[in-house]
Amino acid sequence: MKQYINLYLLEYAINSILRQKSKSFFIVIIFTILVFLLTSVFFITTSIKSELESTVESLPQIIVQKMKAGRHYDIDVDALDNILGIAGVSDGVARVWGYYYFENAGVNFSLVGLDEYEKQYKDSFSKIVDDFDSAKFSDDSMLVGVGVKKIMSKSYYKDYFNFIKPDGGLKKVKIGGVFDAQTSLESNDVIVMSKDMIREIFDIDDSHATDLIVKVANPKEIPTIAQKIKLMFPDTRVITKDDLKISYQNIFDYKSGIFLALFIISLFTFFIVIYDKASGLSSEEKKEIGILKAIGWTIDDVLKEKFYEAFIISFISYIFGVGFSFAYVYIFQAPILKNIFVGYSQLKTSFELPFIFDVQTLFLVFLLSVPIYIFATIIPSWRIATLEADEVIR
Amino acid sequence: MIELKNINKVFEVNKNNKVIALQNINLSIDDGEIVVLKGASGSGKSTILSLIAGLSKPTSGEVIVDKKHIAKLPDNFASIYRRDNIGFIFQKYNLISTLSVSDNILLPLIPLNLDFDELNSKLDIVINRFNISHKKDSIVKNLSGGEQQRVAIARANINNPKIIIADEPTANLDEKLSLNFIEQLKELKSLGKTIIIATHDPLFFGLDFLDREIAINGGKIVL
Amino acid sequence: MILSPEVLTIFILNILFFIFGTIAFFLSVKIYLGWDNESVEQSQYKLEKQSFLTATIIKYIFAIKVPLFLFFIFTLDKISNVLVGAMCGAGVVDATPYGIYLFILKIINLYLFAYWLVLHNEDMKNEKLPFTKMKFGFYSIVYFLFIAELVIEGLMFSSIDIDKMVSCCGTIYSSSSTSYISTIFSLDSTILLVLFYGTFSLIILFYKLKFRYIYAILNILFIIISLITLIAFFGTYIYELPTHYCPFCFLQKDYYYVGYILYTTLFLGTFYGIVIGFIDKSKLEIEKSFKKSLIFNLLYVLIVTVYPVIYFLKNGVWL
Numbered sequence: 438m439k440q441y442i443n444l445y446l447l448e449y450a451i452n453s454i455l456r457q458k459s460k461s462f463f464i465v466i467i468f469t470i471l472v473f474l475l476t477s478v479f480f481i482t483t484s485i486k487s488e489l490e491s492t493v494e495s496l497p498q499i500i501v502q503k504m505k506a507g508r509h510y511d512i513d514v515d516a517l518d519n520i521l522g523i524a525g526v527s528d529g530v531a532r533v534w535g536y537y538y539f540e541n542a543g544v545n546f547s548l549v550g551l552d553e554y555e556k557q558y559k560d561s562f563s564k565i566v567d568d569f570d571s572a573k574f575s576d577d578s579m580l581v582g583v584g585v586k587k588i589m590s591k592s593y594y595k596d597y598f599n600f601i602k603p604d605g606g607l608k609k610v611k612i613g614g615v616f617d618a619q620t621s622l623e624s625n626d627v628i629v630m631s632k633d634m635i636r637e638i639f640d641i642d643d644s645h646a647t648d649l650i651v652k653v654a655n656p657k658e659i660p661t662i663a664q665k666i667k668l669m670f671p672d673t674r675v676i677t678k679d680d681l682k683i684s685y686q687n688i689f690d691y692k693s694g695i696f697l698a699l700f701i702i703s704l705f706t707f708f709i710v711i712y713d714k715a716s717g718l719s720s721e722e723k724k725e726i727g728i729l730k731a732i733g734w735t736i737d738d739v740l741k742e743k744f745y746e747a748f749i750i751s752f753i754s755y756i757f758g759v760g761f762s763f764a765y766v767y768i769f770q771a772p773i774l775k776n777i778f779v780g781y782s783q784l785k786t787s788f789e790l791p792f793i794f795d796v797q798t799l800f801l802v803f804l805l806s807v808p809i810y811i812f813a814t815i816i817p818s819w820r821i822a823t824l825e826a827d828e829v830i831r
Numbered sequence: 062m063i064e065l066k067n068i069n070k071v072f073e074v075n076k077n078n079k080v081i082a083l084q085n086i087n088l089s090i091d092d093g094e095i096v097v098l099k100g101a102s103g104s105g106k107s108t109i110l111s112l113i114a115g116l117s118k119p120t121s122g123e124v125i126v127d128k129k130h131i132a133k134l135p136d137n138f139a140s141i142y143r144r145d146n147i148g149f150i151f152q153k154y155n156l157i158s159t160l161s162v163s164d165n166i167l168l169p170l171i172p173l174n175l176d177f178d179e180l181n182s183k184l185d186i187v188i189n190r191f192n193i194s195h196k197k198d199s200i201v202k203n204l205s206g207g208e209q210q211r212v213a214i215a216r217a218n219i220n221n222p223k224i225i226i227a228d229e230p231t232a233n234l235d236e237k238l239s240l241n242f243i244e245q246l247k248e249l250k251s252l253g254k255t256i257i258i259a260t261h262d263p264l265f266f267g268l269d270f271l272d273r274e275i276a277i278n279g280g281k282i283v284l
Numbered sequence: 129m130i131l132s133p134e135v136l137t138i139f140i141l142n143i144l145f146f147i148f149g150t151i152a153f154f155l156s157v158k159i160y161l162g163w164d165n166e167s168v169e170q171s172q173y174k175l176e177k178q179s180f181l182t183a184t185i186i187k188y189i190f191a192i193k194v195p196l197f198l199f200f201i202f203t204l205d206k207i208s209n210v211l212v213g214a215m216c217g218a219g220v221v222d223a224t225p226y227g228i229y230l231f232i233l234k235i236i237n238l239y240l241f242a243y244w245l246v247l248h249n250e251d252m253k254n255e256k257l258p259f260t261k262m263k264f265g266f267y268s269i270v271y272f273l274f275i276a277e278l279v280i281e282g283l284m285f286s287s288i289d290i291d292k293m294v295s296c297c298g299t300i301y302s303s304s305s306t307s308y309i310s311t312i313f314s315l316d317s318t319i320l321l322v323l324f325y326g327t328f329s330l331i332i333l334f335y336k337l338k339f340r341y342i343y344a345i346l347n348i349l350f351i352i353i354s355l356i357t358l359i360a361f362f363g364t365y366i367y368e369l370p371t372h373y374c375p376f377c378f379l380q381k382d383y384y385y386v387g388y389i390l391y392t393t394l395f396l397g398t399f400y401g402i403v404i405g406f407i408d409k410s411k412l413e414i415e416k417s418f419k420k421s422l423i424f425n426l427l428y429v430l431i432v433t434v435y436p437v438i439y440f441l442k443n444g445v446w447l
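Protein chains in written order, with my numbering: chain G, 438 to 831; chain L, 62 to 284; chain E, 129 to 447.
Rendered as C-alpha cells:
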C-alpha cells in the first residue's frame, strides 16, 4: 500500500495548494457549495421518500373505485359483498369521504367518514375513535385536525362550521374536538365525522359509497385478488399498495431529476472555470515546475503531484459539502429547500425529516463531484508537466 | 566522462525564425575535472549545460555521459538520469522560500518514496558537509544570503551526483558571497565531483584550481 | 425511460468518458502512425509528450470505470425495485435485449483496459519503450468496444419500460425457460463440477511447469466454467435453495455481499493468468504474475467450495 501512496508527494501537494491560497480557497468554496446543494437535495428526497413510504404502508392494501367516463364515481355498496366472497379476502369496508372546498380560505378540507362501531381500516383512526367519546363524535359534531381548527378560527368559525350542501342549504356542524394525528403529513387538513353526516354534506345516498377498501390475508396474493376484483367489476379501477409505492418513487425521481439537470449545467460551467484557471499559469508556477524537472522529477512525477492536488481539493470539498449538508438537512431541517419538495400549502405542517444514512447517495454524489473535477484538470496538468524545463530556468 | 560530439542545436522560435544556438560543438570532460565555460549571455553556454543535464535534446549530434547516449533517452529516463547523476545549482538558487531547509534539500528525492530513515541519513550527510544543520528546520526565506547558498548547494548534492552543473551561480551575488561560493567549489572538487560552470563573472577567470577554461562565442567554441 | 438520479449520473460520466476517450483515440492513432523511437525530430518529441496525455487519460478512465461498474450494479438493484417482477438486478438486465450484451461487454472492457495498463507499465520500465506503438494501436481498437459499451448503455437505460413486466432470476435461469442459458443448466452438475475442478487442477499443474501460453488459455477457460458452475451449482448453496439460479442476488446484503469477493478474486486471478500469455515481461515479473494469479484463483475456489461443504456438514445431505 505504501508503494501506491507517496506521503512525501502528498505533503508537497498540500503545501503547493496552500501556497496558492486565494485560488485554492475560491475553488474549494464553490465546489463545496455545489456538493452541498446536490447532497441536500438527495438527503431531503430520501427522507421524504421514506416518510411517505411509511405513510403508504398504512394505506389500504386494495382500493376499489368505480370509474365512469374516465372519472371517479360513487360505487355501489353491494359490490362489497361480492368482493368479500373472494378467497383470500379477509375484510372490506365501504368508505365515505371527500374534499370540501372552503372558498373563504381557498383551501380543501378532507372529510373522512367514520362510524364508531365499525372496525377502522387505519390505526390512527382507531385511536381517534378511542380518544374522543361518543358525545363529541355524534350526529351534529365533528373532530378536526389542528390545521383545520386554525383555518376555521381565522374565518371566525370558533365552535361550529357551516358546510354548504350541493342543494345550497347549510349544514351546521359543531366542532367537538381537535386531534393531532399520527402521521404529520396528513393530519392537518382532515375532518372526521360520522358517515351519515358526510352523506348529507356531499349528497351521497345510502346504497353508495366513495370507494371500497379490501384487506387481504396474505399480502403476496394482493395482485391476484386485485385482478379478480377487476374481472368481477370491469368498470372499476383497482389500486394496490405497490402501485402507490411505485408512483411515489417515480414522482420523486422526476423532481430530483430536474435538480440534477440543473446541477449538470452548473457543473459544466464549473468545469470550464477550472480548466481556465488551471491552464493559466503564473510565471512563478512555471518556474517551480521547471526547477522540479531540472532536479530530476519526471513528467509522470509531476502529473502524479498534480493529481494529488486535484484529488485533495475535490475530496475536501466533497467532505465539507456533505458535512454541511448533514447539518443543514438533519439538524436545521432544511429551511427553504424542503418547501420545494413538499409543496408549499397553508395546511402543510412542518414535519421532521428522518435521519437516513444512505451509502448509495454518498457514492452518487462522490461520483458526480470528484471524478469530474479530476477530468477537468487532466489537460491543464499535462500542459504544466510537459513544459520545457530549460526554457524556464534561464 | 562527458562527451559532446558534433552537436548542433537550433531553436525554432516560429516557422520562419530559427535561432542557431550551437554549431558543431565537440567537447570532452574527464571525471573530476572542474571546467568553466566562459561567454557572454546568449553565447550558448547555458545550452551546453542543458544538453549535458539531459534537459534538452540536440538537433543533431550525440551527448555521451559514462558511455550512455543520453540524448536518445525518453523523457522519464532522462529525468532519472539527471536525478541520479546531476546536481544543479541555479542562478537565483531557486529554492522554495516558504518551505524549510530540509524540505528544500530533499525535494529531488520526493518522488522516490524512500524510507524515512534512508532519507534522513542522506539529509544528515549533506547538511553537515555544507554546514547548515543548525538551521535544518528554519524556513528558507528567513535565512541569510550565504545560508541560502549553502542550502542550494546541499540540495544539488543530496543524491551524491557525479556531476555538478552551475549556471551563472554568482550573477546576483555580491563579492563576498561570490567568494564564498568559490570556496564551496573547492570543497566539491575535493569530493571528486566533475564540475561544470557557465559564467561571465571575471572572478572565475584564472583561478588556479580550475582545470580548464573553455570560451564560447556565437555558438562555437573559441580556440 | 428511467430517469433516476443514478442513471443520470452514469450518463454524465459516460459523456465525459466519450469526450476524453475520443481525444485519446485520435492521439493514439497519430502516435501509432508516426512513432519513431530513433528519430530526433521535433515531431517525435511532440508525440512523446502527447503519449503522456493519452496514457493519463486512459489511466483515469480505467480508474473511474471500476467504481462506476460497482455503481452500475447498485443502480440495477435499485431499478429492480421499480420494475414489476424484478427481485434483483437480473430482472433489470433481462428487461431489455441490450442488458446481457452490455454486461458481458462491460466485463470484457474491464479486462482489456486492465491489460492496457499492464502493457503501459511494462513499456515505461524499458528505455527503448518497446510497447509504445503496440499499446496505442491496441487502444485504437479497444476504443470501438468502449464506445459500443457507452452507446448500448444509453440504449438500455432509455428503453427500460417501467410498465412492462419482467421475469425474476428464478425464471430466467431455470431449466424450464426457453433461453439458451437454460440448456447449460440442464447439464448434469457432476460433469460441470468435474470440468471446474479439473480445469483448476490443470491450472495448478501448469503453474508448476510455468508454461505461459497454456496457463493463459486455461485461465480463459476457467472464467467460463467458473461462471457457469457459480450460477448452476455453487450459487444454490449460497442461497440454500436448489432452484435459485442467479448471479446477482448474492451481491446483496442478505448474503453478506459475498458476490463482490467472489467476482473480484475471480477477475484478478484470471486477469493475471491471461496477462502472462500476452505480455513479454521480465522473468521476475512473470513469476509475480503467476503467483498472484494462483493465489486469487485459489481463493476463489476455496470460498466457492466452502458453501456446499458447510451445507453438507450442517444438514447431512446435498441439495
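Positions of the beta carbon are idealized from the N, C-alpha and C atoms, including for glycine.
Residue i bridges to which residues according to DSSP?
i	result
E273 of chain L	The sequence given here places Arg at residue 273 of chain L; Glu does not occur at that position. Looking at the DSSP assignment, R273 of chain L forms a beta bridge with L:V96.
D648 of chain G	G:R532
D228 of chain L	L:A259
K851 of chain G	An answer regarding residue 851 of chain G cannot be provided, because it is not within the stretch 438 to 831 covered by chain G.
N278 of chain L	L:K281
Contact check, residue i vs residue j under 8 Å by CB: the rounded distance?
i	j	result
S790 of chain G	V766 of chain G	For the record, residue 790 of chain G in the displayed sequence is Leu; it is not Ser. Their Cβ separation, rounded to whole angstroms, is 6 Å, which keeps L790 of chain G and V766 of chain G in contact under 8 Å.
CB-CB under 8 Å to residue i, same chain, minus the five flanking residues each way: which ones, in chain order?
i	result
H248 of chain E	A183, I186, K187, F259, K263
L784 of chain G	Bear in mind that the predicted position of L784 of chain G carries a pLDDT of just 41, short of 50, making it unreliable; the figure below should be weighed with that in mind. Only V544, G584, V585, I588, N625, D626 meet the Cβ criterion.
P195 of chain E	none
P169 of chain L	R144, R216, I219, N220
S5 of chain L	In the structure displayed, chain L extends from 62 to 284; residue 5 of chain L sits before or after that span and is not available.
L446 of chain G	D738, K741, E742, Y745
Once you ignore the five residues that flank residue i on each side, which residues in its own chain have a CB closer than 7 Å to its CB?
i	result
P119 of chain L	I68, N69, K70, L112, A132
I601 of chain G	L607
N165 of chain E	K256, L257
I749 of chain G	A450, I451, I454
V157 of chain E	S268
In chain order, what residues of the same chain lie with their CB nearer than 6 Å to the CB of residue i, ignoring the 5 residues before and after it?
i	result
D198 of chain L	S161
Y781 of chain G	Interpretation of Y781 of chain G is limited by its pLDDT of 44, a score under 50 that renders its predicted location unreliable; no figure is taken from the coordinates.
E64 of chain L	S89, I125
G550 of chain G	V533, W534, K632, I635
L315 of chain E	none
Does the region 228-246 of chain E come into contact with the region 132-142 of chain E, if we say contact requires no fewer than three beta-carbon pairs (one atom in each stretch) closer than 8 Å?
no
Quick check: the region 262-275 of chain L against the region 239-247 of chain L, are there 3 or more CB pairs under 8 Å?
yes
Counting pairs of beta carbons, one from the region 457-468 of chain G and one from the region 188-196 of chain L, are three or more of them closer than 8 Å?
no
Mind listing which residues of the region 390-410 of chain E have their C-beta closer than 9 Å to chain G's C-betas, in chain order?
none
Give me the subset of the region 128-155 of chain L whose CB atoms are less than 8 Å from a CB atom of chain E, sorted by chain position.
A132, K133, L134, P135, D136, N137, F138
Counting only Cβ-Cβ distances shorter than 8 Å, please list the residues of the region 147-177 of chain E near chain G, keeping chain order.
For the region 147-177 of chain E, which is checked against every Cβ of chain G, the residues closer than 8 Å are F148, K177.
If we count Cβ pairs, one from each stretch, closer than 8 Å, do we get three or more for the region 477-488 of chain G versus the region 497-505 of chain G?
no
At a Cβ cut of 8 Å, what residues of the region 105-130 of chain L count as close to chain E, listed as they run along the chain?
K118, P119, T120, S121
Pairing CB atoms from the region 175-190 of chain L with CB atoms from the region 742-762 of chain G, are three or more of them under 8 Å?
no
Members of the region 802-817 of chain G near chain E, C-beta cut-off 8 Å:
Of all residues in the region 802-817 of chain G, L804, L805, P808, I809, I811, F812, I815, I816 have a Cβ within less than 8 Å of some Cβ in chain E.
If contact is defined by three or more beta carbon pairs under 8 Å, each pair taking one atom from either stretch, is the region 274-287 of chain E in contact with the region 428-442 of chain E?
They do not touch, by the three-pair rule.
Does the region 439-453 of chain G come close enough to the region 146-155 of chain L that 3 or more CB-CB pairs lie under 8 Å?
no
Taking any Cβ of chain L, which residues in the region 239-260 of chain E have a Cβ under 8 Å from it, in chain order?
M252, E255, L257
Under 9 Å, CB to CB, which of the residues in the region 67-92 of chain L have a partner in chain E?
E73
Answer yes if the region 401-409 of chain E comes into contact with the region 367-384 of chain E, meaning at least three C-beta pairs across the two stretches below 8 Å, and no otherwise.
no
Count the CB pairs spanning the region 354-362 of chain E and the region 316-323 of chain E that are closer than 8 Å, and state whether there are at least three.
yes
Taking a cut of 7 Å between CB atoms, which residues from the region 695-711 of chain G lie near chain E?
L697, I701
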